[in-house]
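Asks:
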Amino acid sequence: MKENKRNKVTNTSFNPPLGVWGFLFKGLLRDRSRSLLPIIVVSIGVMMTVFLQAYMSGIFADSIETTAKFSSGHVKVMTRAYKENQSQLPNDYAIIGINDAMKKLNKDYPEMTWIDRIQFGGLLDSPDSTGMTRSQGNVMGMGIHMLGNQDEITRLDLKSKLLSGRFPAKSGEILITNELFNKMNLKLGDPVTLISSSMYGDMAMYNFSVCGTIHFGTSALDKGLIVADIEDVRVALNMEDAAGEILGFFNDSPYVDSEAVALSNEFNAKNFNKTDQFSLAMLPMSGISGMDFMIAYSENAQLIIISIFVFAMSIVLWNAGLVGGLRRYGEFGLRLAIGENKHEIYRSLIAESILVGFIGSFIGISIGLVFAWLMQHYGLDARNMMRNSNMMIPSIIRAQITTTTYFIGFIPGVLSTVIGSMLAGIGIYKRQTASLFKELEG
Numbered sequence: 351m352k353e354n355k356r357n358k359v360t361n362t363s364f365n366p367p368l369g370v371w372g373f374l375f376k377g378l379l380r381d382r383s384r385s386l387l388p389i390i391v392v393s394i395g396v397m398m399t400v401f402l403q404a405y406m407s408g409i410f411a412d413s414i415e416t417t418a419k420f421s422s423g424h425v426k427v428m429t430r431a432y433k434e435n436q437s438q439l440p441n442d443y444a445i446i447g448i449n450d451a452m453k454k455l456n457k458d459y460p461e462m463t464w465i466d467r468i469q470f471g472g473l474l475d476s477p478d479s480t481g482m483t484r485s486q487g488n489v490m491g492m493g494i495h496m497l498g499n500q501d502e503i504t505r506l507d508l509k510s511k512l513l514s515g516r517f518p519a520k521s522g523e524i525l526i527t528n529e530l531f532n533k534m535n536l537k538l539g540d541p542v543t544l545i546s547s548s549m550y551g552d553m554a555m556y557n558f559s560v561c562g563t564i565h566f567g568t569s570a571l572d573k574g575l576i577v578a579d580i581e582d583v584r585v586a587l588n589m590e591d592a593a594g595e596i597l598g599f600f601n602d603s604p605y606v607d608s609e610a611v612a613l614s615n616e617f618n619a620k621n622f623n624k625t626d627q628f629s630l631a632m633l634p635m636s637g638i639s640g641m642d643f644m645i646a647y648s649e650n651a652q653l654i655i656i657s658i659f660v661f662a663m664s665i666v667l668w669n670a671g672l673v674g675g676l677r678r679y680g681e682f683g684l685r686l687a688i689g690e691n692k693h694e695i696y697r698s699l700i701a702e703s704i705l706v707g708f709i710g711s712f713i714g715i716s717i718g719l720v721f722a723w724l725m726q727h728y729g730l731d732a733r734n735m736m737r738n739s740n741m742m743i744p745s746i747i748r749a750q751i752t753t754t755t756y757f758i759g760f761i762p763g764v765l766s767t768v769i770g771s772m773l774a775g776i777g778i779y780k781r782q783t784a785s786l787f788k789e790l791e792g
């Protein structure tokens, strides 16, 4: 009867109550050699996981927002024909009646900020004292609201990028990149002529005066970008009451792909007409060429980080578990010899690993958050590293602590210790009960 009762107790599943967790915790404190190395490994791995998650969240969020502000918006409205050829910036398919279109968008979607812009290409010509061409340069141009409105200057952070001169204060003034300025041997106040194509396809020429130089730190922009007030560009390209595109930005949040896609689908259901090449179409940022991969990668970056660290830490902890198993070989043998079930020993080993995982994860998250906060607050000046970059990356790289940052470390921290203990503890089942006493006697 007593034997049956003992067997019944022995065969119960291992569901450790609070007292057992306390017992295991005291055991780890008393025998630090079996917990110190795993806790150190977990702490380091979790710290790196937390910091990398915050770092990548920051750099992806900043890169996406920077690209949105400069070229794509969170959503972009254009005509169907412009959308199909947008890489060519076909202003002959521009939005006509831009004022009415802006009023309608502001009325229908007040939760968004709407901005009309004109992007164009052309040739910038600098004449000498006789009126003959002195130097020329290929340019990409951007027409934005600058006169009497600082919103676009703030949105594009142009104040920090102004190297010399000033912003346009009157019609006919432009900003050009410092690289193009030096290449064309210009001086502030020099006249230049923009040679481009009008909205109707004929040649357009318009005189500007250089009032300032800017530097973005991105070679794609610094090679030849000019920025002018949108009203001057409309006159230059014969685009009265027209604009190439309208950019929309969420008022109270950064880019959220699901919301942008839903908004675009709703707009296109009401306005898109396949038979009318001038009907309006809306694209989310992820629908623009080249951005879909970046957005998808940023959304899956956390899973990639966790997978890498779970794999690496599991291997390290597996080896640590094997070494610990050899050291505790006699302990396991004694527990088996006095009648403890193999399953219970295995489960107690896993319970210890869970405790170690939580302790190491807590330490690692705490340290990782400190480094992430420092990176978020002070940032890393990457202007020299990004000097020849073709990517739209901010010159100051910052981390971004999100809600996920506070708990993401527990996933690799606990999971890796459990996997490592499960692999290392398999040897328990290979022990032969019949030879235990001989081993212990030896």
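Heads up: the sequence shown begins at 351 in this note's numbering, then just goes up one per residue.
Each residue gets a CB set at the ideal place from its N, CA and C atoms; glycine is no exception.
Does the stretch 702-722 come close enough to the stretch 759-770 to have 3 or more Cβ pairs within less than 8 angstroms?
Replies: yes
Asks: Quick one: give me the first and last residue of the beta strand (DSSP E) that I576 is part of.
Replies: L575 to D579
Asks: Leaving out the 5 sequence neighbours to the left and right, which residues in its chain are closer than 6 angstroms to M534 when beta-carbon positions are compared?
Replies: S476, S485 and G487
Asks: If you draw a straight line from the C-alpha of T703 to the C-alpha of P388, how long is it?
Replies: The displayed chain sequence assigns Ser, not Thr, to residue 703. The straight-line gap from Cα to Cα measures roughly 9 angstroms.
Asks: Going along the chain, which residues of its own chain have a beta-carbon closer than 7 angstroms to the beta-carbon of V400, five neighbours each way excluded?
Replies: G714, I715, G718, L719, A722, T755, I758 and G759
Asks: Once you ignore the five residues that flank V489 on each side, which residues in its own chain have a CB closer than 8 angstroms to its CB?
Replies: G471, G472, L473, L474, I526, L530, L544, G574, L575 and I576
Asks: From the DSSP output, in three-state form, read off P762 for me.
Replies: helix
Asks: Starting from R467, follow its DSSP beta bridges and name the residues at the other end.
Replies: E595
Asks: D412 to F599, Cα distance in whole Å?
Replies: 15 angstroms
Asks: Which value, in whole angstroms, describes the spacing of the CA atoms of S307 and E581?
Replies: One cannot answer for residue 307 here, as it falls past the ends of the chain, which runs 351 to 792.
Asks: Whole angstroms are fine: how far does the CA of S548 sit from the CA of N441?
Replies: 8 angstroms
Asks: Report yes or no: do three or more beta-carbon pairs, one from the stretch 421-430 and one from the stretch 624-638, lie closer than 8 angstroms?
Replies: yes
Asks: Could you pull out every residue in the same chain whose Cβ sits closer than 8 angstroms to the Cβ of I390, ignoring the five residues on either side in sequence?
Replies: G710
Asks: Specify the secondary structure class of T753 as computed by DSSP and reduced to three states.
Replies: helix
Asks: For E523, which residues in the same chain have their Cβ closer than 7 angstroms to its Cβ, ignoring the five residues on either side in sequence?
Replies: F558, S559 and C561
Asks: Determine the extent of the beta strand (DSSP E) in which Q436 is found, giving its start and end residues.
Replies: Segment: none, Q436 is in no beta strand (DSSP E) and carries neither H nor E.
Asks: What is the DSSP secondary structure of A807, reduced to helix, strand or coil?
Replies: Because the chain in this structure spans residues 351 to 792, residue 807 falls outside the shown range and cannot be described.
Asks: Just to confirm the assignment, what range does the alpha helix (DSSP H) spanning Q726 have?
Replies: K692 to Y728
Asks: With a CB to CB cut of under 6 angstroms and the five nearest residues on each side skipped, what residues in its chain are close to S393?
Replies: G710, I713 and G714
Asks: Note down, one range per segment and in chain order, each alpha helix (DSSP H) of at least 4 residues found wholly within the stretch 451-519.
Replies: 501-505
Asks: What's the call for V359, buried or exposed, on a 16-neighbour Cβ count within 10 Å?
Replies: In this predicted model, V359 has a pLDDT of only 42, less than 50, meaning its place in the structure is not dependable enough to derive any value.
Asks: Quick one: using the 10 Å Cβ neighbour count with 16 as the cut-off for buried, is R356 buried or exposed?
Replies: Confidence at R356 is low in this model, with a pLDDT of 43, below 50, so the placement of that residue should be treated as unreliable; the coordinate-derived value is given next. Label assigned to R356: exposed.
Asks: For M406, which residues of its own chain have a beta-carbon under 6 angstroms away from its beta-carbon, when the five flanking residues on both sides are left out?
Replies: A651
Asks: According to DSSP, is D442 part of a helix, a strand, or is it coil?
Replies: helix
Asks: Does DSSP put I688 in a helix, a strand or coil?
Replies: coil
Asks: Is the distance from the Cβ of Q403 to the Cβ of I655 below 7 angstroms?
Replies: yes
Asks: DSSP three-state call for E353: helix, strand or coil?
Replies: Bear in mind that a pLDDT of 44 at E353, under 50, signals an unreliable position, so the model cannot answer this.
Asks: Look at the Cβ atom of M663, then the Cβ atom of S766, and state whether they are nearer than 7 angstroms.
Replies: yes
Asks: Mind checking whether G498 and V583 have CB atoms under 7 angstroms apart?
Replies: no
Asks: Ignore the nearest five residues each way along the sequence and tell me which others in M641's own chain have a CB closer than 6 angstroms to its CB.
Replies: Excluding positions up to five away in sequence, the list reads M635.
Asks: Count the other CB atoms, across all protein chains shown, that sit within 10 Å of the CB of I776; report buried if there are 16 or more and exposed otherwise.
Replies: exposed
Asks: Mapping the DSSP letters down to three states, classify F410 as helix, strand or coil.
Replies: DSSP places F410 in helix when its eight states are reduced to three.
Asks: Starting from N528, follow the beta strand (DSSP E) in both directions and report where the run begins and ends.
Replies: Not the beta strand (DSSP E): N528 falls in the alpha helix (DSSP H), residues N528 to K533.
Asks: Would you check if the distance between the CB atom of H565 and the CB atom of N528 is smaller than 7 angstroms?
Replies: Yes; because the gap between Cβ atoms is below 7 angstroms, this pair is in contact.
Asks: Kindly indicate which three-state DSSP category G395 falls into: helix, strand or coil?
Replies: helix
Asks: Smallest Cα separation from S648: which of K537, D501, V606 and V764?
Replies: Minimum Cα distance to S648 is reached at V606.
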